[in-house]
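> Here UniProt numbering is used: the first residue of the sequence shown is 1, the next is one more, and so on.
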Amino acid sequence: MVSSRRARLDDPETPILQHGGNHKTSAASTSSASSASSDRSSTSTQLEVEIDVKGQVSTGPDQVSSGFSFSKLMHYTGPGWLRSVAYLDPGNLESDLQSGALAGYKLLWLLFWAHAAGLAVQILSARLGVVTGKHLAQQVRQNYSSRLSLAIWLFSQLAIIGSDIQEIIGTAIAIKILFGFPLWIGTCITATDTFVFMFLQQYGVRKIEAFFMTLIGVMIVCFWVEMIGSHPSLSGIIEGITIPEIPEQAVVQAVGTIGAVIMPHNLYLHSALVMSRNLGETPSHHKLKEANFYFAIESALALLTSYMINLAIVVVFAQVFYRPDRIVTEFPGLYDASQVLSNTLGVYAKYLWAAGLLAAGQSSTMTGTLAGQYVVEGFFGAVFKKQWHRVAITRMIALVPSMMVAILAVNRFDTMGEILNVLQSLCLPIVIIPILKLTDSEAIMSAEFKNNRFSKILSWTISWVVVGFNVYLFSMFLDDWGWPAWMVFLSGVYLCFVAYLMYTPMDRHHKAINTLPGSLIHA
């Protein structure tokens, strides 16, 4: 376990306090800095017990290396692949198949740039964890007022629950295709992933990473075999990737793609997972640069793989469903997709689809559970002292609403999936904006590692684009609902909150992160 980390940013003899950015230049200055941050130090010690995977994997000696090293990359490989699972969850798969059915290959370019935008934000998230030694939820709690932190947590938790509903129901649909069980039984079966996840955690983070990379491999095989079997047009795929075009009937689908691809909880997860790499008690300037460099490469490779899997699904349903001269009024859902594939490509395609969907659902539910733990404990401290309490409670928070959806909305899950993708899109700015402000801060990141001019322009442009898409989504939903007063009011409140979050400065006092009262769950 690595204790509170202090990074040496200017030279090996000059550490910087991670939580404040204060240079430690002499014994005298050390004394004053230690006095000013004594409360925060004790709190940091409390926070360390929350992270089960912190510092488990060695990254080699802290020394200057010459050029790129594949062995170094292997040391850092893992967190990006776990995080990439969220780009392959059932919500994404449903968005992909509807995109292909509605617009053919024409939205492949948008899917690519959505992944690229996700990569840019994920790199910032990883850098925050590497440089400060604290993940996003901890930093938000420390640098924002209590009320604003609570509001950010509510949006984040809502996004996690919405994502988990899609993942659990997606897994249940896969079980129904494979074994014929009703959805409600399938949702109960998915609860077993809680025990699988707890079992894997006992063997360390490397085993967890290997397990998820295996599931990603299953998805690659299943979906690419189906794509090749559908005999796609290579020139059409290249044209779809390189020529920006949004068909008139696919505007809403295009906007929803952003919410489906970039998941809010993923940003919390990535900033925490990078701390599984042991950079040392006081990592030097070049060690932090090395970590950021290799984590960025790993993230790019993982997201490229995710894009290729998503591309395969879009292409398959473009081949079997899309016709340029036909106006699509009904979309295939996750369950209907198996029947469409079976009728057009053969029975094998149905089971390949189900196997890939099962791998997507199981992997994303487990990473969602892990993200939920980081979010709750980052904002509120070590609420649950035993690991199985943390996993079980986090699981039940999503399992109960998922069961209700399975029972009450069994025939309307595809519509529910669209609404949940919109929910992700609405919650996304509430998570992105704190990341941008935290990584823009010299006091938190230091002058060396804060966002440079290009990163700042790029990241804030992404944020504004996401907000703009949300405004468009608001208008579309208001049109569909006839502009009811309550929806107009809620829309106004939401946009005001986004503006407030964007323009209100962070609390610079660097509060200690308080844990919940000792009378709460300590068993």
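Each residue gets a CB set at the ideal place from its N, CA and C atoms; glycine is no exception.
#1: Among R83, T190, A101, which residue has its Cα nearest to the Cα of V274?
#2: So for P12, helix, strand or coil by DSSP?
#3: Starting from the C-beta of V422, find all residues in its chain whose C-beta is less than 8 Å away, skip the five residues before and the five after it, and write them out in chain order.
#4: Leaving aside the five residues before and after R127 along the sequence, list all residues of the same chain whose C-beta is less than 7 Å from its C-beta, in chain order.
#5: Evaluate V405 with the Cβ neighbour count: other Cβ atoms within 10 Å of its Cβ, from every protein chain shown; 16 or more gives buried, anything less gives exposed.
#6: Out of A120, G333, F295, T187, which has the shortest C-alpha to C-alpha gap to F68?
#7: According to DSSP, simplified to helix, strand and coil, what is P505?
#8: What residue range does the alpha helix (DSSP H) around W224 cover?
#9: If you count every other CB in all the chains shown that lies within 10 Å of the CB of E248, and 16 or more means buried, which is it?
#10: Out of G118, Y351, S230, V316, which has the shortest C-alpha to C-alpha gap to V261?
#11: Using only CA atoms, which one of S475, P434, G468, V471 lies nearest to K456?
#12: Is it buried or exposed for N310, if we count other Cβ within 10 angstroms and need 16 for buried?
#13: Is the distance from the Cβ of D89 to the Cβ of A360 below 8 Å?
#14: On the CB-based measure, 16 or more other CB atoms within 10 Å of its CB, does L266 come out buried or exposed?
#15: Could you give the DSSP three-state label for V376: helix, strand or coil?
#16: Run the CB neighbour count on A485, radius 10 Å, all protein chains shown included, and call it buried at 16 or more, exposed below.
#17: To which residues does DSSP link R277 through a beta bridge?
#18: With DSSP as the reference, label N451 as helix, strand or coil.
#19: So, are the CB atoms of S65 and E290 less than 8 Å apart?
#20: Please classify M74 as buried or exposed, where buried requires at least 16 neighbouring CB atoms within 10 angstroms.
#21: Helix, strand or coil: how does DSSP classify T365 here?
#22: Does S95 pass the burial test, meaning 16 or more other C-beta atoms within 10 Å, or should it be called exposed?
#23: Between G104, F379, L303, G60, which lies nearest to Q253 when the distance is taken from Cα to Cα?
#24: Which residues in the same chain as D11 place their Cβ atom closer than 6 Å to its Cβ, once the five residues preceding and following it in sequence are excluded?
#25: I'd like to check one pair, I243 with W109: are the Cβ atoms closer than 8 Å?
#26: Can you give me the C-alpha to C-alpha distance between residue 553 and L426, rounded to a whole angstrom?
#27: With three or more beta-carbon pairs closer than 8 Å as the criterion, would you say the region 223-231 touches the region 339-349?
#28: Who are the Cβ neighbours of T504 in its own chain at under 8 Å, not counting the five residues just before and after it?
#29: Between T365 and I168, is the Cβ-Cβ spacing less than 8 Å?
#30: Rounded to whole angstroms, what's the CA-CA distance from F331 to F321? Just pull it up for me.
#31: From V121 to L428, what does the alpha carbon distance come to, in whole angstroms?
#32: Could you have a look at A28 and say whether DSSP puts it in helix, strand or coil?
#33: When you compare each of L279, I208, G186 to G80 by their alpha carbons, which one comes out closest?
#34: Note down, in chain order, each residue of its chain lying with its Cβ closer than 7 Å to the Cβ of M403, except the 5 sequence neighbours on either side.
#35: Taking the continuous alpha helix (DSSP H) assigned at E167, which residues delimit it?
#36: Counting C-beta neighbours from all protein chains within 10 Å, is the total for S299 16 or more, i.e. buried, or is it exposed?
To lay it out plainly:
#1: R83
#2: Only weak support is given to the placement of P12: the predicted model assigns it a pLDDT of 36, under 50, and the value that follows is read from those uncertain coordinates. Coil.
#3: G256, G259, L473, F477
#4: N292, T439, F449
#5: buried
#6: F295
#7: coil
#8: 205-229
#9: exposed
#10: G118
#11: P434
#12: buried
#13: yes
#14: Inspection of the sequence shows that residue 266 is occupied by Asn rather than by Leu. Result: buried.
#15: helix
#16: exposed
#17: V57
#18: coil
#19: yes
#20: exposed
#21: helix
#22: buried
#23: G104
#24: Its pLDDT being 38, under 50, D11 is placed unreliably by the model, and the measurement read from it follows with that caveat. Correct list: empty, nothing qualifies.
#25: yes
#26: Since the first residue of the chain shown is 1 and the last is 523, residue 553 is not available in this structure.
#27: yes
#28: L148
#29: yes
#30: 9 Å
#31: 11 Å
#32: Residue placement at A28 is poorly supported in this model, since its pLDDT is 35, which falls under 50; the coordinates are not used for a value here.
#33: I208
#34: W184, T187
#35: 146-179
#36: buried
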